[in-house]
Structures are given as C-alpha cells and as structure tokens.
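Everything below concerns the one structure shown next.
Residue numbers (our numbering): 116 to 443.
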C-alpha cells in the first residue's frame, strides 16, 4: 500500500513519467546497479561494526538484505526515516542478541549521519575551490548558506564525537523525559532497563575507544558511499551533455557539479527527513541546487524524477526480500 501511495506522488502524468524513464534508458539501469553496490558498502559497514564488538555470525548476503529492507522501510513508513532501525534490530537479535543488535544498529545509524556531516563539509570545500578557479559564482545567499552549513556540520560532528566517546542512549532517554507527557514514561523506562541501556552505551563507546580501527573503517565505508552516490547524478548530467568534450578535465568538472548537486539536495532533504520518501524536500533540493549552479529547471526535474523511480524500485525489492525471508 505504501508503494502505491509513493507511485501516486508524482506530479506529472504517467505518460510524461514514462517519457522521462525512456529518456534515461540504460543510465537508469546503471543507477539501479550503482545502488546495489552502495547497499553493499552499507552492509560492509554494518559487518565491521558487529565484528568490532565480537564475532559476526551473520553472512554478508543476509546483512545486505537487512540493509536493503531497512532502507525500504525507511522510505515507506508514515514517519519517514525511522522504520528500518527496529526491523534491523529485530533481525540481528536472532544472531547476536538484543543488546549487541541494538548497539550495532545505533552505531550504524550514527555512522550514516556522521558521514553526512563530513560529506557536507567536503561540499563546501569543493564549491570554494571551483569558485576560486572562476568556475562558479559565490553570491551573498550562497555565502550565508555555506556559513550556516559549516556551523551545522561542526556542531553535529562535536555532538556525535561525544556520543561515540561516552554513548548517548541514556542521555537520549533523559532528554525525552523533558518532553511534556513523556517524563513519567522516560523515568520508568530508564529504571526498568538501566543496566541494558548502560551496556548498550558501553558497546557504542567501545567501538571508538577500544577498536578505533573498526570505527575508522566503518566511517570510511560510509563516507566513500556518499561520494560514490554522486555518480547517479553524474550519469544524468552526461545524458544532458555535461562532460560532452570527453576530456579528463571535463569529466572531473561534471563529477564535481554532480557532487555539489547531491550535497545541496541531501542537505535540504535531510532537514525535513521526517516526511516519507522525503517528498518535496528532495525535489526542492534538486531545484535549488541546479538553479544555484546555473542549470535549467528541466534538468532538476528530470534528475529528481528518475532518482524517485530508482528509490521506488529498490523499496519494492527491499519489501519483497523481507517478505521472502519471513516466509521461509
């Protein structure tokens, strides 16, 4: 049902949508295959995190399915972006117990977000370099946006660094207790599960404190995944003639532009990430990013639509895999 609702969110007719899909052609297939690889990197990240706290009895193929199905739930649940974590904990707990599964999934989610902050910082650096080379403008609005993004990233990195060092589950439960109506629940939950929550926090802190190599590997895999994701936008820029001169410099510039489009889009979309499939946020992000880089609105619309199609395809795959596994 959720997938049907997602299909109905397109603001163009199905004939127009089919025309865009037909135009994408084999580049859409390339984008779908690219995301299969990106989910593989996510699965490797999760595997490294699990191995960082002990043995990992879960096969890579099963981890890949858990990752794909988790992201499928994240894009389809009514409160976007949080449906996959309970599923991953439930599935992993069959192999490594509830406490290790919870800490591993929390670390995976933290690393996923932590890499975004560094991804956005890299985007600022790339934009400044292209501006210094005279390839991009730097108007006042862009300077303000970059300054606010810089503050957001520095603050986010500081918060997550402390979370990695000391754990954050207990603090998060206490923070919930300050929300009106949740104080009594928070207190009861912490009193009942105090020891389990402390163990989860200890396991979170253990990855950075006692197994720094695993921490750096997991972060590196997630960060590289963010960079490689730019190839999806790069494919469609090629379709519109960017990099048509077919030189190394031309391809490199086209990839940098694709990278910046993804940076702006992910920044805008994550600010309203509670919406299922980030509806509106992603489209707005693409529209703003291509406009800021002096490109046509047609390009922004095309990329946003094809990326949505790719996401729906992987959501269907993830939900089907979950159903197949549950029926075994």
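For each residue, glycine too, the CB sits at the ideal point set by N, CA and C.
These numbers come from a predicted model, not from an experiment.
- Counted as a single uninterrupted DSSP element, the stretch harbouring residue 410 is not any alpha helix (DSSP H), since DSSP gives it neither H nor E.
- The three-state secondary structure of residue 279, taken from DSSP, is helix.
- Boundaries for residue 250: no alpha helix (DSSP H) harbours it, and the DSSP string shows neither H nor E there.
- Within its own chain, the residues whose Cβ lies closer than 8 Å to the Cβ of residue 369, once the five positions on either side in sequence are excluded, are 349, 352, 353, 357, 358, listed in chain order.
- For the pair residue 220 and residue 228, the Cα-to-Cα distance works out to about 12 Å.
- Proximity to residue 341 across 379, 246, 279 peaks at 379, based on C-alpha coordinates.
- When the beta-carbon positions are compared, residue 261 and residue 279 stay at least 9 Å from each other.
- Residue 345 and residue 299 have their C-alpha atoms some 45 Å from each other.
- If you draw a 10 Å sphere on the C-beta of residue 439, you find fewer than 16 other C-beta atoms in it, and that means exposed.
- Between residue 347 and residue 188 a beta carbon distance of about 21 Å is seen, past the 8 Å cut, so the two are scored as non-contacting.
- Contact between residue 418 and residue 147 does not hold, since the beta-carbon distance rounds to 15 Å and is not under 8 Å.
- Collapsing the DSSP output to three states places residue 201 in a helix.
- Shown here for residue 268: same chain residues with a beta carbon closer than 7 Å to its own, the five before and five after excluded, namely 232, 235, 236 in chain order.
- Beta-carbon to beta-carbon, residue 211 and residue 172 are separated by about 7 Å, close enough to satisfy the 8 Å threshold.
- With fewer than 16 other Cβ atoms inside 10 Å of its own Cβ, residue 273 counts as exposed.
- Counted as a single uninterrupted DSSP element, the stretch harbouring residue 173 is not any alpha helix (DSSP H), since DSSP gives it neither H nor E.
- Per DSSP, the continuous alpha helix (DSSP H) segment holding residue 332 begins and ends at 327–343.
- In the same chain as residue 404, and ignoring 5 residues on each side of it, the C-beta atoms closer than 6 Å to its own belong to 376, 379, 380, in chain order.
- The three-state reading of DSSP puts residue 357 in coil, since its state is none of H, G, I, E or B.
- Per DSSP, residue 152 is one residue of the alpha helix (DSSP H) stretching across 141–166.
- Linking residue 164 to residue 240 through their CA atoms gives a straight-line distance of about 29 Å.
- Per DSSP, reduced to three states, the secondary structure at residue 264 is helical.
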